[in-house]
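Residue numbers (the working numbering), protein chains in the order written: chain A, 45 to 388; chain B, 2 to 329. Where is the CB? At the ideal position from N, CA and C, for every residue including glycine. Report on one structure; see the data block that follows.
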Amino acid sequence: MPDPVLQVEDLCVSFTSGGVTADVVRDLSMRLDGGRTLAVVGESGSGKTITGRAIMRLLPRGASARGRIVVAGREMLSADERELRRARGSDVAMVFQDSMSALSPYLDIGAHIAQAVRLHDPSVTRRAARARAVEMLDRVGIPGPADAVRRFPHEFSGGMRQRAVIAMALVNRPALLIADEPTTALDVTVQAQILALLRELQQEYGMAMLLISHDFGVVGSAADDVLVLYAGRQAEYGSLRDIFDHPAHPYTAGLRAATPRLDARLDTGGERTRLRAIPGAPTSLRDAGPGCAFAPRCGLADQVGERCVVEAPLPTVRPTSEGGGLHLAACHLDRLPATQEVAR
Amino acid sequence: MIVYIARRIFTAVFMLLAIAFVTISLFFGASKDPARAMCGKPCPPETRAKVSAYMQTDQSVVWQYTEFVKGLFVGRTYGEGAQQVHCHAPCFGYSFPNRSDVTTLIAERLPVTLSLALGAAVLCLVVGIGLGALSAIRKGGAVDRFSTGFAMFGLSVPTFLVGLLVVQVFGFMLNALPYSGFVSFSESPTDWAWHLIGPWMVLSFILAAGYIRVTRTQLLNELSADHLVAMTARGASTRQVNRHAVRGVMVPVVAMFALDVTALLGGSVIAERVFSLHGLGDLLLSGVNESDLSIVVGVTLFSAFLIIVGNLIADLLMPLLDPRIRRA
Numbered sequence: 045m046p047d048p049v050l051q052v053e054d055l056c057v058s059f060t061s062g063g064v065t066a067d068v069v070r071d072l073s074m075r076l077d078g079g080r081t082l083a084v085v086g087e088s089g090s091g092k093t094i095t096g097r098a099i100m101r102l103l104p105r106g107a108s109a110r111g112r113i114v115v116a117g118r119e120m121l122s123a124d125e126r127e128l129r130r131a132r133g134s135d136v137a138m139v140f141q142d143s144m145s146a147l148s149p150y151l152d153i154g155a156h157i158a159q160a161v162r163l164h165d166p167s168v169t170r171r172a173a174r175a176r177a178v179e180m181l182d183r184v185g186i187p188g189p190a191d192a193v194r195r196f197p198h199e200f201s202g203g204m205r206q207r208a209v210i211a212m213a214l215v216n217r218p219a220l221l222i223a224d225e226p227t228t229a230l231d232v233t234v235q236a237q238i239l240a241l242l243r244e245l246q247q248e249y250g251m252a253m254l255l256i257s258h259d260f261g262v263v264g265s266a267a268d269d270v271l272v273l274y275a276g277r278q279a280e281y282g283s284l285r286d287i288f289d290h291p292a293h294p295y296t297a298g299l300r301a302a303t304p305r306l307d308a309r310l311d312t313g314g315e316r317t318r319l320r321a322i323p324g325a326p327t328s329l330r331d332a333g334p335g336c337a338f339a340p341r342c343g344l345a346d347q348v349g350e351r352c353v354v355e356a357p358l359p360t361v362r363p364t365s366e367g368g369g370l371h372l373a374a375c376h377l378d379r380l381p382a383t384q385e386v387a388r
Numbered sequence: 002m003i004v005y006i007a008r009r010i011f012t013a014v015f016m017l018l019a020i021a022f023v024t025i026s027l028f029f030g031a032s033k034d035p036a037r038a039m040c041g042k043p044c045p046p047e048t049r050a051k052v053s054a055y056m057q058t059d060q061s062v063v064w065q066y067t068e069f070v071k072g073l074f075v076g077r078t079y080g081e082g083a084q085q086v087h088c089h090a091p092c093f094g095y096s097f098p099n100r101s102d103v104t105t106l107i108a109e110r111l112p113v114t115l116s117l118a119l120g121a122a123v124l125c126l127v128v129g130i131g132l133g134a135l136s137a138i139r140k141g142g143a144v145d146r147f148s149t150g151f152a153m154f155g156l157s158v159p160t161f162l163v164g165l166l167v168v169q170v171f172g173f174m175l176n177a178l179p180y181s182g183f184v185s186f187s188e189s190p191t192d193w194a195w196h197l198i199g200p201w202m203v204l205s206f207i208l209a210a211g212y213i214r215v216t217r218t219q220l221l222n223e224l225s226a227d228h229l230v231a232m233t234a235r236g237a238s239t240r241q242v243n244r245h246a247v248r249g250v251m252v253p254v255v256a257m258f259a260l261d262v263t264a265l266l267g268g269s270v271i272a273e274r275v276f277s278l279h280g281l282g283d284l285l286l287s288g289v290n291e292s293d294l295s296i297v298v299g300v301t302l303f304s305a306f307l308i309i310v311g312n313l314i315a316d317l318l319m320p321l322l323d324p325r326i327r328r329a
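And the structure:
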């Protein structure tokens with residue numbers, strides 16, 4: 045097996061404020077090969093974004109990461125500032141959710157891309173870097189790239205800006221792209237275009253992609269494998285097919301049921317269907333007890349009983365469908381009941 | 002660009018003419034008779050009328066205004082015979098109590114005000130931006146708490162109180178600084194600075210407060226901005242990122258500075274009064290006290306002119322700093 049582009053082992057990220065320390069990500073492990081896409085899914089506050097930032101060592105003040113992160117052979121957590129600078133933007137790049145705030149209002153689009161080029165290869169002249177920017181804008185499908193490089197972020201539409209952000213991230217051909225909700229701020233048709241572009245470029249460059257999303261629709265159309273996070277812990281991991289068709293964790297099943305579907309009416313023979321939300325809100329990370337973090341919201345916890353409250357489940361291997369890889373779920377139940385009333 | 006500047010200057014001229022009209026009208030609407038102060042005691046009505054005619058203050062507001070505008074282009078002559086005084090074009094008026102035309106008076110006072118304004122401006126920028134930046138970088142730290150309190154104090158304490166305190170403490174109690182007077186720069190640069198330290202401290206203390214607050218808020222915004230995280234994600238060093246953050250801070254600071262400096266150049270009445278400096282603020286005050294129309298109009302117009310120019314410069318600088326303000 046070739047070395048993975050990204051390997052994360054037992055990652056813990058904790059925040060300290062006012063003398064209190066809370067783990068926002070706990071014991072997370074993942075492995076991602078070149079050319080593959082791993083989607084990290086979860087609701088707000090589940091630790092998806094923090095995980096992505098931890099990989100690039102872009103954690104906010106007061107946060108610290110433990111464990112092991114290897115990107116393209118480089119140990120990220122023990123790397124010094126110099127090494128990190130070399131890795132960022134070159135081995136691993138990031139596409140942000142909000143393209144407006146991810147671009148500096150004081151620089152034109154070309155300057156952003158040229159900066160990414162010249163930070164990693166100072167021998168490139170300003171002029172050559174601008175030329176690379178034009179090329180790259182053309183590659184991501186921005187019409188009139190020679191003119192577009194001189195435009196400022198506020199003069200671009202949301203979709204165009206996201207394309208420019210992608211051009212900026214990919215100009216140095218990173219081995220790993222972390223796409224943090226890359227389509228959330230866009231409308232549905234543009235979403236599809238951006239996802240298609242990301243997939244196309246991924247294939248062309250053979251890069252690995254970590255797709256951070258809360259949208260099962262996006263995940264379904266872009267991911268190879270899926271990692272479901274709940275309260276900073278791995279709830280379930282598996283191939284897209286296993287996660288979608290044979291979820292082994294009640295939370296995953298609940299998320300699936302809560303995904304709006306355009307064909308919902310047809311499914312029920314024209315009856316009105318209500319979206320099935322998972323009741324409750326994620327428990328605060330500070331007062332997490334010893335048990336399963338999802339237990340208070342889980343419709344199946346009663347069936348298991350005491351164990352869910354006192355003992356946190358560890359990820360265990362689950363059956364896979366044909367051709368599927370590893371399938372893990374952290375649940376005390378060996379198998380979800382067929383007719384699921386997973387959420388209370 | 003040139004068209005834009007020309008248009009702004011064109012508007013400015015009309016604005017200044019309007020300001021002159023308003024000032025003259027207000028003066029005659031509210032003030033006592035200028036001739037009264039000049040005719041001495043006792044002042045029989047006939048002498049007073051004569052003086053009034055000589056000073057041309059017996060005419061209507063509209064007449065005053067047209068004479069004033071005419072004076073700007075062709076100069077103005079008061080009285081006749083041995084008593085005749087002539088004020089060369091561009092004439093901004095003639096001050097009878099000072100026996101001098103207003104242009105000369107302003108030119109005489111300008112070095113004092115200029116010294117005061119420029120020193121205070123530099124000092125308040127250094128202190129304001131310095132403290133603001135330090136408190137943003139170490140938010141919640143000792144410097145932050147100190148400078149937030151400092152800014153609060155600066156914004157709420159009146160200038161005259163700070164001025165009197167500085168005079169009292171540094172001038173009288175510590176005997177460390179001169180508490181009045183002015184030495185021109187050409188005479189002795191060290192004495193010049195020495196005499197101005199007190200007023201500079203007072204003015205920049207009041208002004209720095211605004212810069213501390215703006216710099217702190219803006220830098221905090223910038224430092225947590227996604228585009229700086231994104232810049233780090235591209236491989237930029239902390240230094241490069243910080244340098245870029247400064248740009249975002251510059252925009253409001255430049256806007257504020259342009260207004261503050263021009264306001265200072267128009268004369269700082271209170272600081273000049275406290276330190277007995279004879280600058281434009283002091284000139285204006287004496288003009289008001291002596292019901293000297295020419296001085297009031299002249300200094301007002303001069304200040305207005307500076308403010309308009311300051312605004313224009315700020316408006317021209319702004320698009321260079323922030324491309325979002327650029328016109329199509």
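Practice item. Check each residue of the stretch 228-249 of chain B: if its Cβ is closer than 9 Å to any Cβ of chain A, include it; give the result in chain order. Key: HIS228, LEU229, VAL230, ALA231, MET232, THR233, ALA234, ARG235, GLY236, ALA237, SER238, THR239, GLN241, HIS245, ARG248 and GLY249
Exercise for review: Determine the burial state of ILE3(B): buried for a count of at least 16 other Cβ atoms within 10 Å of its Cβ, exposed for fewer.
Suggested key: Working through the second sequence from its first residue, we reach residue 3(B) at position 2. Counting Cβ neighbours within 10 Å, ILE3(B) comes out exposed, since fewer than 16 surround it.
Check your understanding: Which residues in the same chain as GLN206(A) place their Cβ atom closer than 7 Å to its Cβ, once the five residues preceding and following it in sequence are excluded?
Key -> Looking up residue 206(A) in the first sequence gives position 162. Within the same chain, GLN206(A) has close Cβ partners SER143, PRO226, LEU230 and ILE238.
Exercise for review: Identify the contact partners of GLY133(A) in chain B, using a Cβ-Cβ distance below 7 Å as the criterion.
Suggested key: For this step, residue 133(A) is matched to residue 89 along the first sequence. The answer, in chain order, is ALA234, ARG235 and GLY236.
Practice item. Output, in chain order, the set of chain B residues within a Cβ distance shorter than 7 Å of ARG170(A). Key: One-based indexing of the first sequence puts residue 170(A) at position 126. What ARG170(A) touches in chain B: nothing, since even the nearest Cβ is about 16 Å away.
**Study point:** C-beta neighbour in chain A for ALA134(B), strict 8 Å
**Key:** Within the second sequence, residue 134(B) is the residue found at index 133, counting from 1. No, no contact with chain A.
Practice item. Please report the residue range of the alpha helix (DSSP H) in which GLU280(A) lies. Key: Sequence index remark: in the first sequence, residue 280(A) carries index 236 (1-based). Careful: GLU280(A) lies outside any alpha helix (DSSP H), inside the beta strand (DSSP E) at 277-283.
Check your understanding: Under 7 Å from any heavy atom of the ligand MG, does the C-beta of ARG248(B) make it?
Key -> Only the bare structure without any ligand can be found here, which leaves the ligand MG out of the picture.
**Study point:** Inter-residue spacing [alpha-carbon to alpha-carbon] between ARG235(B) and TRP193(B)
**Key:** Looking up residue 235(B) in the second sequence gives position 234. Looking up residue 193(B) in the second sequence gives position 192. Cα to Cα, the separation comes out at about 51 Å.
Exercise for review: Would you mind listing the beta strand (DSSP E) stretches within the stretch 224-288 of chain B that are 3+ residues and don't spill past its ends, in chain order?
Suggested key: none
**Study point:** Neighbouring residues, chain A, relative to ALA143(B) (Cβ below 9 Å)
**Key:** Position 142 of the second sequence, counted from the start, is the residue given in the question as residue 143(B). Within chain A, no residue comes near ALA143(B); the closest Cβ sits about 18 Å away, beyond 9 Å.
Check your understanding: Should MET153(B) go down as buried or exposed, given a rule of 16 or more other Cβ atoms within 10 Å for buried?
Key -> Within the second sequence, residue 153(B) is the residue found at index 152, counting from 1. Classification of MET153(B): exposed, given that the 10 Å Cβ count is below 16.
Exercise for review: Look at the alpha carbon of PRO326(A) and the alpha carbon of PHE338(A), and state the distance between them as a whole number of angstroms.
Suggested key: Along the first sequence, one-based indexing puts residue 326(A) at 282. Along the first sequence, one-based indexing puts residue 338(A) at 294. If you take the alpha carbons of PRO326(A) and PHE338(A), they lie about 8 Å apart.
Check your understanding: Expressed to the nearest angstrom, what Euclidean distance is found between the alpha-carbon atoms of SER277(B) and PRO112(B)?
Key -> On the second sequence, residue 277(B) is found 276 positions in, with the first residue counted as 1. On the second sequence, residue 112(B) is found 111 positions in, with the first residue counted as 1. If I take the Cα positions, the gap works out to 15 Å.
Exercise for review: Could you check what DSSP says for ALA292(A) in three-state terms: helix, strand or coil?
Suggested key: Taking the first sequence and counting its residues from 1, the one referred to as residue 292(A) is at position 248. Reduced to three states, the DSSP call for ALA292(A) is coil.
Review point. Would THR233(B) be called buried (16 or more neighbouring beta carbons within 10 Å of its own) or exposed?
Key: On the second sequence, residue 233(B) is found 232 positions in, with the first residue counted as 1. Per the 10 Å Cβ criterion, buried.
Check your understanding: What are the start and end residues of the beta strand (DSSP E) that includes GLN65(B)?
Key -> Counting from one through the second sequence, the residue named residue 65(B) turns up at place 64. Unbroken run through GLN65(B) is the alpha helix (DSSP H), 62-75; no beta strand (DSSP E).
Point to revise | chain A contacts made by the stretch 297-329 of chain B, where a contact means CB separation under 7 Å | key: ASP323, PRO324 and ARG325
Check your understanding: Roughly how many angstroms lie between the CA atoms of MET100(A) and PRO48(A), to the nearest whole one?
Key -> Taking the first sequence and counting its residues from 1, one reaches residue 100(A) at position 56. Taking the first sequence and counting its residues from 1, one reaches residue 48(A) at position 4. Roughly 16 Å between the two C-alpha positions.
Practice item. Determine the direct distance from the alpha carbon of ALA301(A) to that of ILE322(A), and round the result to whole angstroms. Key: Your numbering for residue 322(A) matches position 278 in the first sequence. Your numbering for residue 301(A) matches position 257 in the first sequence. Computed Cα separation, rounded: 9 Å.
Check your understanding: Who pairs with ASP102(B) in a beta bridge, going by DSSP?
Key -> In the second sequence, residue 102(B) corresponds to position 101, counting from 1. According to DSSP, ASP102(B) bridges with TYR95(B).
**Study point:** Residues that ALA226(B) contacts on chain A, provided the C-beta gap is smaller than 7 Å
**Key:** Position 225 of the second sequence, counting from 1, holds the residue named residue 226(B). Here the neighbours are SER145.
Review point. Does the beta carbon of PHE59(A) come closer than 8 Å to any beta carbon on chain B?
Key: Stepping through the first sequence from its first residue, residue 59(A) is reached at position 15. No, because no Cβ of chain B sits closer than 8 Å to the Cβ of PHE59(A).
Review point. Is ASN216(A) closer than 8 Å to VAL161(A) when the C-beta atoms are compared?
Key: Within the first sequence, residue 161(A) is the residue found at index 117, counting from 1. Within the first sequence, residue 216(A) is the residue found at index 172, counting from 1. Going by C-beta atoms, VAL161(A) is nearer than 8 Å to ASN216(A).
Review point. How many whole angstroms separate the CB atoms of LYS140(B) and LEU221(B), which I take to be in contact at a CB cut-off of 8 Å?
Key: As a position in the second sequence, residue 140(B) is number 139, starting the count at 1. As a position in the second sequence, residue 221(B) is number 220, starting the count at 1. Yes, LYS140(B) and LEU221(B) are in contact; Cβ-Cβ is about 7 Å, under 8 Å.
Review point. Three-state secondary structure (DSSP) at GLY314(A)?
Key: For this step, residue 314(A) is matched to residue 270 along the first sequence. For GLY314(A), the predicted structure reports a pLDDT of 49, less than 50, and the residue's modelled location is therefore unreliable. The matter cannot be settled from this model.
Review point. Can you round the beta-carbon distance between ALA192(A) and LEU181(A) to whole angstroms, since I take them to be within the 8 Å contact cut?
Key: Position 148 of the first sequence, counting from 1, holds the residue named residue 192(A). Position 137 of the first sequence, counting from 1, holds the residue named residue 181(A). With 8 Å as the limit, ALA192(A) and LEU181(A) qualify as a contact, their Cβ atoms being about 5 Å apart.
Point to revise | ASP224(A): contacting residues in chain B (beta-carbon distance under 8 Å) | key: The residue labelled residue 224(A) in the question sits at position 180 within the first sequence. Ordered by position in chain B, no residue passes the 8 Å Cβ test against ASP224(A), which lies about 10 Å from the chain.
Review point. Would HIS290(A) pass as a contact of GLU280(A) if the rule is Cβ separation under 8 Å?
Key: Locating residue 290(A) in the first sequence gives position 246, where the first residue counts as 1. Locating residue 280(A) in the first sequence gives position 236, where the first residue counts as 1. For HIS290(A) and GLU280(A), no; Cβs fall outside 8 Å.
Point to revise | chain B contact for ALA160(A) (CB, 8 Å cutoff) | key: One-based indexing of the first sequence puts residue 160(A) at position 116. It does: the Cβ of ALA160(A) has a partner Cβ on chain B nearer than 8 Å.
Exercise for review: Could you name the residues of the same chain whose beta carbon sits closer than 7 Å to that of GLY288(B), not counting the 5 residues immediately before and after it, in chain order?
Suggested key: Start at 1 with the first residue of the second sequence, and residue 288(B) comes out as number 287. Excluding positions up to five away in sequence, the list reads ILE296, VAL297 and VAL300.
Review point. Since TYR150(A) meets chain B, which of its residues come closer than 8 Å, beta carbon to beta carbon?
Key: For this step, residue 150(A) is matched to residue 106 along the first sequence. The answer, in chain order, is HIS245, ARG248, GLY249, LEU322, ASP323 and PRO324.
Practice item. Return the first residue and the last residue of the beta strand (DSSP E) that LEU220(A) is part of. Key: Locating residue 220(A) in the first sequence gives position 176, counting from the first residue. Run containing LEU220(A): 220-224, per the beta strand (DSSP E) assignment.
Practice item. Go ahead and label SER167(A) buried or exposed: buried means 16 or more other beta carbons lie within 10 angstroms of its beta carbon, across all protein chains shown. Key: To locate residue 167(A), count along the first sequence from 1; it is residue 123. That one is exposed.
**Study point:** Contact list for ALA137(A) against chain B, beta-carbon separation under 8 Å
**Key:** As a first step, residue 137(A) must be located in the first sequence, where it is residue number 93. Within 8 Å Cβ-Cβ: ALA234 and ARG235.
**Study point:** Collapsed DSSP secondary structure at ALA387(A) in the structure displayed
**Key:** Numbered from 1 along the first sequence, position 343 holds the residue referred to as residue 387(A). With a pLDDT of 46 at ALA387(A), under the threshold of 50, the modelled position of that residue is not reliable, and no figure is offered here.
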